[in-house]
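Enquirer:
In our numbering, the protein residues as written are 2 to 381.
#1: Ends of the alpha helix (DSSP H) at residue 332?
#2: Mind checking which residues open and close the alpha helix (DSSP H) that includes residue 265?
#3: Between the stretch 324-343 and the stretch 254-265, do three or more beta carbon pairs fall short of 8 angstroms?
#4: Check whether the Cβ atoms of residue 310 and residue 280 lie closer than 8 angstroms to each other.
#5: Using beta-carbon positions only, say whether residue 337 and residue 244 come within less than 8 angstroms of one another.
#6: By the 10 Å Cβ neighbour count, where 16 or more other Cβ atoms means buried, how is residue 348 classified, buried or exposed?
#7: Quick one: grab the DSSP three-state call for residue 246.
#8: Whole angstroms are fine: how far does the CA of residue 314 sit from the CA of residue 331?
#9: Could you spell out the range, first to last residue, of the alpha helix (DSSP H) harbouring residue 356?
#10: Let me know if residue 128 comes out buried or exposed under the rule of 16 or more other beta-carbons within 10 Å of its beta-carbon.
#11: Between which two residues does the alpha helix (DSSP H) holding residue 302 run?
#12: Give me the Cα-Cα distance between residue 357 and residue 322, rounded to the nearest whole angstrom.
#13: Using the beta-carbon count (16 or more within 10 Å), is residue 229 buried or exposed?
#14: Under three-state DSSP, which class holds residue 124?
#15: Just to confirm my understanding: we take residue 317, look at its own chain, exclude 5 residues before and 5 after, and list those with CB closer than 6 angstroms. What are they?
#16: Classify residue 1: buried if its beta carbon has 16 or more other beta carbons within 10 angstroms, exposed otherwise.
#17: Could you give the C-beta distance for residue 248 and residue 333, rounded to a whole number, given that I count them as a contact under 8 angstroms?
#18: Short check: CB of residue 306 to CB of residue 288, under 8 angstroms?
#19: Measure the C-alpha to C-alpha separation of residue 1 and residue 290 and round it to an integer number of angstroms.
#20: Which residue comes first and which comes last in the alpha helix (DSSP H) that contains residue 251?
#21: Just the Cα atoms here: how many angstroms apart are residue 239 and residue 339?
#22: Does the beta-carbon distance from residue 292 to residue 303 come in below 8 angstroms?
#23: Once DSSP output is grouped into helix, strand and coil, what is the label at residue 235?
#24: Drop a sphere of 10 angstroms on the beta-carbon of residue 355, count the other beta-carbons inside from all chains shown, and report buried for 16 or more, exposed for fewer.
#25: Here's the rule I'm using: 16 or more other beta-carbon atoms within 10 Å means buried, otherwise exposed. How should residue 278 be labelled?
#26: Whole angstroms is fine: what's the gap from residue 49's alpha carbon to residue 69's?
#27: Could you pull out every residue in the same chain whose Cβ sits closer than 6 angstroms to the Cβ of residue 299, ignoring the five residues on either side in sequence?
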């Protein structure tokens with residue numbers, strides 16, 4: 002470098018970061034002075050016991066002015082080295098950012114090609130007749146990928162392209178035409194693939210593939226199945242729209258039934274019902290033994306169950322029924338088609354069974370049905 006003075010270096014920095022040679026050495030334009038970094042640092046040592054700092058330059062064979070200039074040049078060179086470090090780090094960051102962006106583009110491109118291949122696989126009706134068409138699509142996609150790959154890999158794109166061609170060439174051909182024309186199997190597979198568009202939903206594609214496997218696609222069941230699916234989908238959509246419409250708009254009741262305090266009260270009711278069921282079961286066991294002994298002695302059945310415990314079932318049934326009615330009025334049709342429709346159906350089932358249990362209580366004692374009420378605690 003021709004100009005390494007502080008003023009010259011600063012002028013060069015105004016036009017951008019200079020390209021420093023890694024092995025360059027600084028040569029002072031003045032008389033060569035032999036000094037070391039320790040000697041330069043020692044020049045800045047202050048005198049102990051004085052308030053004013055005096056710079057020592059006795060060990061260096063130069064004037065005080067030359068020592069100050071050398072110190073400034075050392076500080077300047079330290080700044081230059083620091084700038085070099087920052088410049089190198091900046092260049093490294095830019096290179097890594099460009100490489101990451103390139104890698105992301107490559108991954109997105111190959112991912113889209115994989116999705117295209119998966120769509121082609123989904124459109125195949127018969128696996129045996131569809132493989133030749135699928136293989137040709139794979140070769141075409143691999144050819145496209147081989148022209149766009151720009152990064153190094155253990156196996157290149159041309160390698161995998163040759164592997165695919167070799168595997169396809171090694172498969173047995175079903176064609177009976179010696180001239181190499183397209184056989185009827187490939188043509189039929191192509192027509193079947195065209196009949197199933199990519200706009201069909203996965204349910205329709207699954208039904209078509211099922212009909213193809215069982216051999217019912219040639220008997221007119223394909224169009225009937227699709228017609229039934231389209232009609233059922235329309236009915237489901239109409240039912241969902243009708244049930245989701247709010248008519249009474251009791252939002253305050255919906256707020257109450259969804260409040261945490263209301264759910265906590267229901268949990269307390271369920272726990273109290275569990276205690277009553279346990280107590281009633283204990284009395285029922287005692288009544289069974291006492292009734293057996295009484296009948297053996299020629300007497301009648303004995304019951305020690307308290308009357309209030311028998312009436313508790315009606316109270317709990319009324320509470321569960323009121324909760325269900327409150328939820329039904331608050332959510333309206335969303336009780337059946339809402340996000341928690343499974344739990345709501347379970348609550349309806351529990352309430353209906355509880356009502357049937359109370360009706361049949363005089364005929365039988367279906368106490369097992371009462372245990373279903375305890376499962377409501379998992380919902381609350």
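No residue lacks a Cβ here, since even glycine has one placed at the ideal position from N, Cα and C.
Expert: Reading off the structure:
#1: In the chain shown, residue 332 corresponds to position 331, counting from 1. Where residue 332 is concerned, the enclosing alpha helix (DSSP H) stretches over 308-332.
#2: Numbered from 1 along the chain shown, position 264 holds the residue referred to as residue 265. Note, residue 265: alpha helix (DSSP H), 261-297.
#3: yes
#4: Here residue 310 refers to the residue found at position 309 of the chain shown. Here residue 280 refers to the residue found at position 279 of the chain shown. Yes; because the gap between Cβ atoms is below 8 angstroms, this pair is in contact.
#5: In the chain shown, the residue the question calls residue 337 occupies position 336. In the chain shown, the residue the question calls residue 244 occupies position 243. Yes. Within cutoff.
#6: Here the question's residue 348 lines up with position 347 in the chain shown. So residue 348 counts as buried.
#7: Residue mapping note: residue 246 aligns to position 245 of the chain shown, counting from 1. Residue 246 falls in the coil class under three-state DSSP.
#8: As a working note, residue 331 is residue 330 in the chain shown. As a working note, residue 314 is residue 313 in the chain shown. Cα to Cα, residue 331 sits roughly 26 angstroms from residue 314.
#9: Counting from one through the chain shown, the residue named residue 356 turns up at place 355. Looking at the DSSP string, the run of the alpha helix (DSSP H) that includes residue 356 is 342-360.
#10: Your numbering for residue 128 matches position 127 in the chain shown. Low confidence applies here, because residue 128 scores a pLDDT of 47, under 50, leaving its location unreliable; read the following figure in that light. Exposed, since its Cβ has fewer than 16 Cβ neighbours within 10 Å.
#11: Taking the first residue of the chain shown as position 1, residue 302 is located at position 301. No alpha helix (DSSP H) contains residue 302, which DSSP labels as neither H nor E.
#12: On the chain shown, position 356 is the one that residue 357 refers to. On the chain shown, position 321 is the one that residue 322 refers to. Distance between the alpha carbons of residue 357 and residue 322 is about 13 angstroms.
#13: Here residue 229 refers to the residue found at position 228 when the chain shown is read from its first residue. It counts as exposed.
#14: What you label residue 124 is simply residue 123 of the chain shown in a count that begins at 1. It is coil, neither helix nor strand.
#15: Translated into the one-based positions of the chain shown, residue 317 becomes position 316. Excluding positions up to five away in sequence, the list reads 274.
#16: What the structure shows of the chain is the stretch from 2 to 381, and residue 1 is not part of that stretch, so it cannot be assessed.
#17: What you label residue 248 is simply residue 247 of the chain shown in a count that begins at 1. What you label residue 333 is simply residue 332 of the chain shown in a count that begins at 1. With a Cβ gap of about 6 angstroms, residue 248 and residue 333 count as contacting.
#18: Residue mapping note: residue 306 aligns to position 305 of the chain shown, counting from 1. Residue mapping note: residue 288 aligns to position 287 of the chain shown, counting from 1. In contact: residue 306 and residue 288 (Cβ atoms closer than 8 angstroms).
#19: Residue 1 is absent from the structure shown; the chain starts at 2 and stops at 381.
#20: Taking the chain shown and counting its residues from 1, one reaches residue 251 at position 250. From DSSP, residue 251 is part of no alpha helix (DSSP H); its letter is neither H nor E.
#21: On the chain shown, residue 239 is found 238 positions in, with the first residue counted as 1. On the chain shown, residue 339 is found 338 positions in, with the first residue counted as 1. Taking the straight line joining both Cα atoms gives about 15 angstroms.
#22: Position 291 of the chain shown holds residue 292. Position 302 of the chain shown holds residue 303. Closer than 8 angstroms, so yes.
#23: On the chain shown, position 234 is the one that residue 235 refers to. It is helical.
#24: The sequence position of residue 355 within the chain shown is 354, counting from 1. Classification of residue 355: buried, given that the 10 Å Cβ count is 16 or more.
#25: Counting from one through the chain shown, the residue named residue 278 turns up at place 277. With 16 or more other Cβ atoms within 10 Å, it is buried.
#26: The count along the chain shown starts at 1 and reaches residue 49 at position 48. The count along the chain shown starts at 1 and reaches residue 69 at position 68. Below a pLDDT of 50, predicted positions are generally treated as unreliable, and residue 49, at 46, falls in that range; no measurement from the model is reported.
#27: What you label residue 299 is simply residue 298 of the chain shown in a count that begins at 1. For residue 299, where only same-chain residues beyond five positions count, there are no Cβ hits under 6 angstroms.
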